Each structure stands twice: as C-alpha cells, then as structure tokens.
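Protein chains in written order, with the numbering used here: chain G, 1 to 294; chain H, 1 to 313; chain Z, 1 to 557.
Idealized CB from N, CA, C, for every residue including glycine.
Here the structure is a predicted model, which is why all the values come from computation and not from measurement.
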Amino acid sequence: MAAAPKPEAGLQWLLNAITLPRHARLGIGPTIALAVLVLIILSAVFAPLIAPHDPLLMDATQRLKGPSSLHPLGTDSYGRDILSRVITGGRISLVIGVSVAVASIGIGLAIGLVAGFFRRADAIVMRIMDGLMAIPSIMIAIALVALNGPSLWSVMAAIAIPEVPRVVRLVRSVVLSAREEPYVEAAIALGSSMPKILFQHLMPNTLAPLIVQGTYVCASAILTEAILSFLGAGVASEIPTWGNIIAQGRSYFQIKPTLILWPGLMLSLCVLSVNLLGDAARDRLDPRLRKRGE
Amino acid sequence: MTGYFIRRVLAIVPVMAIVVVCVFLLLRLTPGDPAAILAGDTATAEQLERIRQSLGLADSLPVQFARWLGLLAQGDFGTSLISGSPVTGMIAQRIWPTLNIAILTLILTIAIAVPLGVIAAWRHRTWADYAVMSFSVLGFSVPVFVIGYTFILVFSLELRWLPVQGYVAPTQDFGQFIVRAILPCLALATVFIALIARMTRTSMLEVLGEDFIRTARAKGIKESWVLFRHALRNAAVPILTIIGTGFALLIGGAVVTESVFNIPGIGRLTVDAILARDYPVIQAMTLLTSGIYVLINLLIDLSYAFIDPRIRY
Amino acid sequence: MTVQFKNRSFTDAEVVLDVRDLTVGFAGHPDAATVLGGVSLRIRAGETACVVGESGSGKSVTSLSIMGLLPKGSLEATGGGIGFEGRNLLDLGPSAIRALRAHKISMIFQEPMTALNPLMRVGEQIEEVLEAHTALPARDRRTRVLDMLAQVHLPDIERIYLSYPHQLSGGQRQRIMIAMALILEPRLLIADEPTTALDVTTQKQILGLIDELQQRHGTAVLFITHDMGVVADIADTVHVMKHGRIVENGAIETVLRQPRDAYTKQLLRAVPSLTPRTPRDTQEGEAILTVQGLQKVYGEAGIFSRSRPHVAAQEVDFTVHPGRTVGIVGESGSGKSTVARCIVRLIDPSSGKIRIAGTDIATLPPRALKPYRKHVQIVFQDPFRSLNPRWTIARSLIEGPVNLGIDRNTALARATELLAMVGMPEDTLERFPHQFSGGQRQRIAIARALAMEPSLLVADEAVSGLDVSVQAQVLALLSDLQAKLGIAILFITHDLRVAAQVCDEVMVMQKGRIVEHDTAANVLLRPQHDYTRALIGAAPGRGWDFANFRELAQASP
C-alpha cells in the first residue's frame, strides 16, 4: 500500500475532516429532521406530479372553501387549492436556501482566506465587512429588491450579500488561529510555498465550520426569503412561495387562519429541520465549534 | 479608561463612512435605470423625470455624493416620491411606537433569556437544558409573522384575552399600551430570546469550565455565589456582544411585527414604502437603522470597560 | 554541598487524612477501566506528603477526590474511603463538603494565571472565604485579609488588596492563592503542581513560603508533583503513583536511596543529572551558524500602537560548529525562543546578521530564503500540535523534500529510513498523528526535520512537554542521531538538568541578553554571572544524584 497522495487524496482529507473528532451517531432529533427535510425536498421537486391541482388555477366558485375531498386543505380567496400551493411553495425556498448558502460560503471563503493570510489586506477588508455588517441585513435586502425589481436573482443576491461578512469573519478567525499552529510554522521552515500552506494546511481547517455555517445560512436564507415575500419585497407575487401565500392570506386571516397556518407550518418545519441538522453537524464535526456557532 | 473610550468612539467613524458609501452606491450602481424600476411599468416620461430629479441622479457621481452628504449633515433625508413631504418628518412622526415596543421587547428578552441560559448551563445535560435548547432552536426556526398570527389566533381570537391589533401610546394610557404591546413584544422577542438564551448558556458553560470556578468551589462558597458572582459576570461580555449584534434581528423583526399587529411605527412606514416603491424612505430607513445599530454596539463596547478591569487599564 | 532531607518523624503526630483503598471510575460506566484502583495514603499533622507520578498516573484525580471536586458526570468515587476528622468524606452531602472546603481542607492549583477570577479584586476574593465560613463583620474581615497578605510576604499590601489578578505576576498570584487557602488555618493543604507553571527562581520562593506557613500552623500538606527535584527538597514521605495505583511509598530518603519498585527506579534513573556530561572535543571546521548583533523589537511600527516597544532580544552573538550542541537556557520571557524563531526565520529579526552556509539570511525575502531552509530545521515543544492532524505521517514527512524538488518515491523511501532511525515502526507512514503518543509524535517531528538533511537542528523546548521517562528516550535519540549524522543542535530549554546532559556549550539569557556563554561545565560548575548562580541555586534537588540513588559525587561550589 503506497502512501503517495493519489487523486483520492482530496476525498481523503474531506473524509478525515468530517470524521475527525468523534464517531457520534445521528441522534433521534436529527434523524427525524433529516427525514422531514427529505420529504419536503422530494415533494418540492416532484410538486407538479404530486400536487392535486394547478397551484395557479383560480376558480371563482370555490373561494375560501374549507377542507373537502377535492381540496384537502381548502382554497384561498381566489379559489386556488391551498395544498397544491403549499407543496409548490417549497421550491423557491429550497432553491434560494441552497444557492444563497453556496454563494455566500464561496465568496466569504475567498475573501476570508485573503484577510486571514495577508496582513495588509486584512485591515481594509475587515473594515469593509464591519461596515456591511452594520447595515441590518433585512434593510439591504429590501433596498436591493426595491431597486432591482422582484426577480429571483435579485432576491438571491439581496439575501446572500449580508451573509458574506459573517462567513468572512468565521473563515478569517479559523485561519488566524490555525496559522499559529506549530505544524504551519514547521511547513514554513520546510520551505512550503504560500499557496501550499494556504490551501493544503490552512483551508482544510475551515471546512468543518463552513459546513455548519452553511446549514445555518441556508436556514436563515429560507426565513429571509419568506419575510421579504411577506413584506412585498420578494419574488413576484404571482409565484407561489410560502411567504407570498402568507402575505395573500393576511386579509382573510380572521375568517380563515389556515391560509397562514399551513404555509407557516411548512416553512417552520423546513427551517427547523435545517437548523437541527446544523446543530447535529456542529456537535459531530467539532465540539469546539460551539464557541463560533453563532 | 478615557483612552479606551476615545479609541472605541473613533472606531465607528470608518464603519459609518462605509455604511454611508454603501447606501449611496446601492442606488447609483443599480444596473439599468433605477428611476424606471421605481416608477413601475406604467410610468409616463414626466413621472420618470420627476423621480430622477428627486433622487438627484442627473449629475456625476462625486457631485451627487457631495450634495447628498451635505443634505445628510443637515438631517435632510430627501423627500418622499409619493407624498412629496420630507422623509425626516415622516420618520420623526412615527418613530415613537417603534422605540417603545423595542425597549419593552429588550427588557422582556433580557429578563427571560438570561435566566433561561443560566439554568441551562447550570443544569447542563438535564431536561431543563434540553428544554431551553429545544425552545431556542424553535425560536430560530419559526418566522416572526407565523408566531405573531398564532398569538393573535390563540390569545385574541380564541381566548379573547387581548385585543387583536392596534397601538396606544404609553403617554396616553400606560395600561392600554401594555395590553396592546404585550403580544407584539413577545412575538418580536421570541427569536431574540432564543439567540440570547443560547449564547448565555454557551458562555456560561465555557466560564464554568474555567480554573477560577474550580478555585471558587474549592473555597466552599455557595453554588449561587459561584454562578452569579463568578460565572455570570465573566460571561457578561459575550452576552452583551450578542445582544448588540442581535439588534439587527430586532430591527428586521420590527418591520414585520408592526405590519402583523398594525402598529403605526417606522416599520410600517418601511412596508408602505416598499409597496409604493418610495425609495427615499427606504434609503433613509437603511441609514437610520444602521446608525442605531452602530450606536448601540458602541454603547455596549463602552460598557465593557465597567465590567472588565483588563480593558480599563 | 550536602543534601538536607527533611528527616522529621511524625509517628506520634495525629493522622489528619486517611485515604483507604480509594477507587474512582468513569461515571455511568461501571465496567470501564478504573482511574484510581485502590489508593491508600495517610498524612499526619505537620507532615508533607508528596505524590509523584507521570501524566495520567491519577495524582490529580486523587487530590480532587479528597476535595469532592471530581468533574460532575464524568468521574466518581466508586469505593474505599477518605477519612478526615473521624468522618468519611465520601459519605458527606454537598453542603457538608462545602463547609469543610477552605475551612478544614484547602487546595491550590497549578495555573496561577487562570485560577483567580479576572474581574474581582484579589482582596475580595480572599475575603469571600471569610464571608462564606465566618460571621466576622466586614471591617474585621479586611484586617484579617491584610494580615494574611503580609504573612505571604506580599509588598504594599493595601495596594495588592485592591489589585486585579492581571496586575500581578505569576508568583504574586500564587501567593494570593496560598493566602486564600491558609487564611482559615485549615488542617490539610492540597497543592496540585503549584509551582509547575512558574520559573525556577519563583518556584523556590513559593516552596519556601509553603514550608514556612506549614511550620507556623502545623498544617498537613499533600503535594502533587511530577518533579523529583521538588520532591527531594520538600517531602517527608513520598508516594509514587502509576496507572492509578501507588506503587511505592516511604520516607523520602529511603525511597531515594533504596527504591524497591522497578517503576520508581525507572523514574529516578530518568531524572537528568545536574552534573555536566563529559565534554566533547571541539570539532574542526567552519561554523554552521554565526549570529551577530541579533536584535528583535516588538511593537515598533504604527502611529496608533499603544504599547511601548518591547525588546525581546538584543546584542545576541554566537556561533555553532558542526556536530556540537549549544544550549540556550533562561526563564520565561528571557528571549530564548525569540532567538530560535529568528534563526529559523519564522519571525523577522529587527537587526543583526544570521549567517548560514556563507550567506546572511537575516533580511532575505521569503523567495530568496527558500534554498537556505534546508540547512536549519526546527522541532517544537508541543508534540500534539506540531503535526498536521489531517495529514498522514507520510505526507508530513515528504513535505520538505518535495519542496526541494525531490520526487515523491525517493522522498518516501527516505522517509521510511528516517522512521527506522527515530525508532518508529514502518506502518507509521499511512497512519495519522492522533494514533501516536506525545513521545512518538516528537520522534516523527524529528524525522520530518531530518528529512531536509539539515546541518543545524533547532530544538525549541523540544522535550519540555514530555514525561521524564519519555524525555530521557528522546534525549538519547537526539544524541544518537547527532553521533550518526554529525548534525549540530541549538537546544533551547528552561531546564538546567536537561541542558547539563545534552549541551557542549551553554548560553544563559536574561531579559533578551546573553549574560553568560561558556562550556557547559564552566557555566554549571563555575558560574560567573549572578543570574546564572541564582538559576543554579534555585534548581530543585540539586545536591542529589537521582539516577544513582546517592548524593552528587561532585559538589558544586
């Protein structure tokens, strides 16, 4: 068995990084969370096949109807089928959650590595990040969407941009503490080049915290999307998202609370599952991350 | 201590400068014609021109920036695209309900969250700890409008304990203010409590593992002294920090809560501005909330000097 | 000089603590291995009993069990008894135990820097003991605290009373801890490695203070330590622990002269002697390393920097010749590690020359430095952090050679040889650092350094984190390698004993300067500088030749 690093070496460090500290089992809570999340994802992906009705189809004769065999969760003020709308509503949320997490982690990782490794860049980059973090994220998002119109892209950008400084801070703190490690100093003494130290010694340390942070970003992106839709600053109101469904149900809330409760329940369950998985990942990947958790 | 104060106060200058530049560029660097987007699809040429005029988009960027800064310095946030009245006045009129709700929420939050966190850390890995942590993750996951509507449904519509919506100023009738503010404050506080209880627990656990806690126990003092005299005071700095950074959540939450509970504050003002594409109001709100956020965090930074003697000297 | 053991007899004194067959296990895992497997020890009033052992031997667990401070939920006493004043402490409830703490049984800890609450004035922290256990009014409490501060010989007690821990030195904080522990005149003082984190000169003072107060109050002292020198200086009786059991106990002189147990003998033999080893001949040839006027100043640049510049090292001149071992000895903050890190160019020197292989590398930029990296390699103190935990040993070992342009297979073949040379099995290559002990990791770190075929190896406290028996093995390995490879070693250490055993020349550093530089024999046996004399004078157990179970043959002047 030759120990020479092979192509799978990258996979190897990924495995090492993930399984390094403990061989903890997935507890009951995270298992349920995973199951719920898989169900939500599957139903969102296959929404056109599962949904009993077209979520956009209006029927003036069926307005605000209670549950029936035709409409298991009833209908909204336009006579649209609530069940179909709630199932379809998850699609945008999940797309936004995942893409915002990937984008903000990717951008934040690049900036954070630079800030953590190059002292000169650090001061400037961190000042800018401090400034960005000082603007409440919901206000950046509202302003961006107001200016760029309610497209999916502008909503995604609006949610991702405020997350970036947090990722930058996390990556930077991991890099700063890792570069003090004797093994990094040994690498310097062994004549390893800067890129080699940065990418082979320092960057793998950010992997575990970023996986954890990524799930939290995903959860908060789903929430923010719903809030933006609810406020009228999200994707176009014709598209059924959980936030939009709730926003349109507001006027009829006192007559028919389920217009808000069903999408609210799905939304909460989805975010809860992602958060629980994040907590499980954190506990499993590295107990020390608790400090950086929030 | 004076040196520390001066350094902290000076440190907010670059932060606010970046905030101001970012907010300025947000509008100017928008791809396409922001006036066209703000005016909507049915805008006439005159409407477009009026919006451009009002936002001052005609000149070069440096000229625009200088003029804008000059106006900001005089407290002029521009005029509303819809009503044509000065934004500063609109905000001044509606800031009090928001502030009152925010202060009540903050008091509620700290009164509930810190004891919860302390108990969870003290009874680490017991049912009390798990209960607090479960509540915390729930609080993070359920959006504030779902909490708000659920509260209305349960406490107002079903139990009929509290009025559905509306707001009464505390100066007018304090009792009615509390009665009407309690649900919005609780809804708003939920995520904040979740955050702070969790942070209190984490930093208490960390402090309880420190050597000086072992020393305190070796002195044979009461467990309550160990917890409050020694542990909580040492955990205070990270807790305060998270209260400061969590304030951004409160601002976001206020916008939503005010529209759920129909409170005539600046959060409602923002929502109305979104629906009407009244950008000057949104811009002013962005600057204002950032300024409040920076100011609160500055106050918290300064308070560290009173907690930690290592900062003082 | 003659050795002064405490040959006091305590057979008539009252038994203060009587631990009988104490067992401690992991809470909730009754089947798991025990941490303490039946510990018995007895201490009488006025007696100092030392518990000595290597890391993991269970000595700290023993002391925490007596205080009832075992970490809740992870360790618990499972059997035996702890007799104190006619009661079994294991039977007492939490409030009864609390009433005893600081009142009847006190404890001081290893790390004075973290053992005090950073946000509370030290006077108030001592006063809290009185507040908890006595009904004294506030004014009397304060008087009593001030009196105690005077008893532990702190200067300017009114000011100290109002100080916060960060304003005091390590030695002063340990005095505060002692004042706190002894203010109620407890019958038993447990001291868990109380001087391990301190410099030798401070250690000597603290040991003297404990002894003085013990005699004044007739306190029984249970002293936990890993340092045989300290044991020889302070113990009446000694208990040697290994794997949760006491393998040997007896009066100090008996154990040091006639150890019965094999482990005790092994432990004693591993203690390096203070007598310098036989000096080697000066080797011919050009110097490998020449340092001239080296200076390192921290905190110079920056208009807004708050702190005054701190001179970590200045006017450092020395040379190292092939095959020689040159030691740099000094206390913490003396600048010895700064010098080492400048030479390896982990930090940039402020001024001066560092000549290696004919070139001054002090100011070379990183790229130009690369070819010179192979000449000087470094081994660090902490074996647990000096290897990348995510990398296989093979990958760590070939990192340097691959940087030099050697192809992987050649480098791997060389790595295999090196592992054999440092006494590690061949299957080490595919394994990860966490699968090895501290001593093994340090061997691997040495192999990694040697893979570059350096002419100089810098060992920065390279054996300080290891237990004595492992330390002895690693030192033997270094000396072997030196004989085989003719490599020069720059040996940074705070431990005079280690320096005496490995160095040809010794430099003594104090406050950033070299105050004495001569052959090891001259420095250790005929010290010229006052500071060197103080250091040697403070070395614990210096009159005793532990490895040979007798007094040192050669008395120091």
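Sub-8 Å separation of residue i and residue j beta-carbons
| i | j | result |
| --- | --- | --- |
| Z:GLU453 | Z:ARG324 | no |
| Z:LEU418 | Z:ILE398 | no |
| Z:ILE246 | Z:SER55 | no |
| G:VAL155 | G:VAL235 | yes |
| H:LEU57 | H:ALA35 | yes |
| H:PRO86 | H:PRO264 | no |
| H:ASP211 | Z:LEU119 | no |
| Z:ASP574 | Z:GLN110 | There is simply no residue 574 of chain Z to check, as chain Z begins at 1 and stops at 557 in what is shown. |
| Z:SER469 | Z:VAL502 | no |
| G:GLY89 | G:THR258 | no |
| G:VAL184 | G:ARG282 | no |
| Z:ILE566 | Z:SER63 | Because residue 566 of chain Z is not part of the residues shown, which for chain Z are 1 to 557, the question remains open. |
is_contact[residue i, chain H] using C-beta, thresh 8 Å
| i | result |
| --- | --- |
| Z:VAL16 | no |
| G:VAL235 | no |
| G:GLU294 | The predicted model places G:GLU294 with a pLDDT of 30, which falls under 50 and marks its position as unreliable; any figure quoted below should be read in that light. Output row for G:GLU294: interface = yes. |
| G:ILE230 | Here residue 230 of chain G is Phe; the residue named in the question, Ile, does not match the sequence. Yes, contact with chain H. |
| Z:TYR164 | yes |
| G:VAL171 | no |
| G:LEU39 | no |
| G:VAL175 | no |
Chain G contact residues for residue i, given Cβ-Cβ distances below 7 Å
| i | result |
| --- | --- |
| Z:SER74 | Going along chain G, no residue has its Cβ under 7 Å from Z:SER74, so there is no contact; the nearest lies around 14 Å. |
| Z:GLN568 | Any answer about residue 568 of chain Z is impossible in this case: the structure gives chain Z only from 1 up to 557. |
Nearest-angstrom Cβ-Cβ length linking residue i and residue j, presumed shorter than 8 Å
| i | j | result |
| --- | --- | --- |
| Z:LYS296 | Z:SER337 | Not confirmed; about 11 Å, so no contact. |
| Z:ALA445 | Z:SER386 | 5 Å |
| Z:ALA220 | Z:LEU17 | 6 Å |
| Z:VAL523 | Z:VAL498 | That belief does not hold up - the Cβ atoms of Z:VAL523 and Z:VAL498 are roughly 14 Å apart, past 8 Å. |
Neighbouring residues, chain H, relative to residue i (Cβ below 8 Å)
| i | result |
| --- | --- |
| G:GLN62 | Result: empty, since nearest Cβ-Cβ is about 24 Å, beyond 8 Å. |
| Z:ALA179 | Under the 8 Å cutoff, chain H gives no residues; its nearest Cβ is about 12 Å from Z:ALA179. |
Proximal chain Z residues relative to residue i, where beta-carbon distance stays under 7 Å
| i | result |
| --- | --- |
| H:PHE212 | THR114, ALA115, LEU116, ASN117 |
| G:ALA187 | GLU399 |
| G:SER192 | GLU399, ASN403 |
Residue i: contacting residues in chain G (beta-carbon distance under 8 Å)
| i | result |
| --- | --- |
| H:GLN47 | Those within 8 Å of H:GLN47 in chain G number zero; the least Cβ separation is about 17 Å. |
Chain Z within 8 Å of residue i, Cβ atoms only
| i | result |
| --- | --- |
| H:GLY32 | no |
| H:ASP308 | yes |
| H:ILE221 | yes |
| G:PRO182 | yes |
| H:ALA218 | yes |
| G:HIS201 | yes |
| H:THR215 | yes |
| H:LEU299 | no |
Residues that residue i contacts on chain H, provided the C-beta gap is smaller than 9 Å
| i | result |
| --- | --- |
| G:ALA143 | VAL23, LEU26, LEU27, TYR279, ILE282, GLN283, MET285, THR286 |
| G:GLY108 | Near G:GLY108 there are no residues of chain H at all, since even the closest Cβ is about 17 Å away, more than 9 Å. |
Test: residue i CB closer than 8 Å to a CB of chain G
| i | result |
| --- | --- |
| H:GLY252 | yes |
| Z:LYS484 | no |
| Z:ILE303 | Annotation note: pLDDT 47 at Z:ILE303 (below 50); position unreliable, coordinate value reported separately. It does not: the Cβ of Z:ILE303 has no partner Cβ on chain G nearer than 8 Å. |
| H:SER141 | yes |
Contact set between residue i and chain Z, taken where Cβ atoms lie within less than 9 Å
| i | result |
| --- | --- |
| H:ARG233 | ASN117, LEU119, MET120 |
Practice prompt. Answer yes if the segment 239-248 of chain H comes into contact with the segment 293-302 of chain H, meaning at least three C-beta pairs across the two stretches below 8 Å, and no otherwise.
Written response: yes
Worksheet item: Counting Cβ pairs closer than 8 Å, one from the segment 150-169 of chain G and one from the segment 216-228 of chain G, do we hit at least three?
Response: yes
Fill in: Sufficient close CB pairs (3 or more, under 8 Å) joining the segment 284-293 of chain Z to the segment 306-322 of chain Z
A contact exists between the segment 284-293 of chain Z and the segment 306-322 of chain Z.
Fill in: Three CB pairs or more closer than 8 Å across the segment 197-205 of chain Z and the segment 161-175 of chain Z
yes
Discussion item. Does the segment 190-200 of chain G come into contact with the segment 122-141 of chain G, if we say contact requires no fewer than three beta-carbon pairs (one atom in each stretch) closer than 8 Å?
Written reply: no
Discussion item. With three or more C-beta pairs closer than 8 Å as the rule, is the segment 249-265 of chain H touching the segment 261-271 of chain G?
Written reply: no
Worksheet item: Taking one C-beta from the segment 184-202 of chain H and one from the segment 85-98 of chain Z each time, how about it: are there three or more such pairs within less than 8 Å?
Response: no
Worksheet item: Do the segment 207-226 of chain Z and the segment 134-149 of chain Z meet, that is, are 3 or more Cβ pairs less than 8 Å apart?
Response: no
Worksheet item: Are there three or more Cβ pairs, one per stretch, closer than 8 Å when the segment 77-87 of chain G is compared with the segment 54-62 of chain G?
Response: yes
Practice prompt. Report yes or no: do three or more beta-carbon pairs, one from the segment 489-497 of chain Z and one from the segment 270-280 of chain Z, lie closer than 8 Å?
Written response: Touching, yes.
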